[in-house]
Amino acid sequence: MRNLKHLDPYRYPLMGHWGNSYNGAFKLKINGERYTVIASNGEGWEHVSISHHQMVPSWDTMNQLKDLFFEEHEAVMQLHPPKNNYINNHPNCLHLWIPVDQVLPVPPYWLVGMKG
């Protein structure tokens, strides 16, 4: 995850805490829409969630979110858990995840349209 100092003007306190260089809550405008974003790390994962009060964030919004919070060279994932483990606390919230102590495996570039 990137150092989040560049987002300090958009930071707000969450449960009385302002966070630090790698954690915090933010009010961001992406593609003309206002989103609530929470960045955290712990339990071996870096995590960013984004939510909107009326709609699910688009693919383009998620790409811009990735660029704001993660390094260019980092692969991040959205997770679709098994149905029996699925919990939806907010219908318009999506998440990006990256493990801290390992490289996220990705398919060969030619299978998913990535540059080699």
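Residue numbers 6 to 121, in our numbering, belong to the letters of the sequence shown in order. By construction, the Cβ of each residue, glycine as well, lies at the ideal position given by its N, Cα and C atoms.
Secondary structure of residue i, DSSP reduced to three states
i	result
residue 70	helix
residue 10	helix
residue 116	helix
residue 15	helix
residue 102	strand
Pair within 8 Å by beta-carbon distance, residue i and residue j
i	j	result
residue 70	residue 101	yes
residue 26	residue 46	no
residue 103	residue 77	no
residue 51	residue 105	yes
Sequence-distant residues of its chain with Cβ nearer than 8 Å to residue i (five each side left out)
i	result
residue 85	none
residue 49	104, 105 and 106
Contacts around residue i, its chain only, beta-carbon distance under 7 Å, and the 5 residues preceding and following it disregarded
i	result
residue 56	40, 41, 95, 97 and 98
residue 113	none
Unbroken beta strand (DSSP E) run spanning residue i, endpoints
i	result
residue 91	Segment: none, residue 91 is in no beta strand (DSSP E) and carries neither H nor E.
residue 52	50-56
residue 42	38-47
residue 29	29-35
Proximity test, Cβ basis, 8 Å: residue i and chain C
i	result
residue 75	The chain inventory of the structure shown lacks chain C, comprising one protein chain alone.
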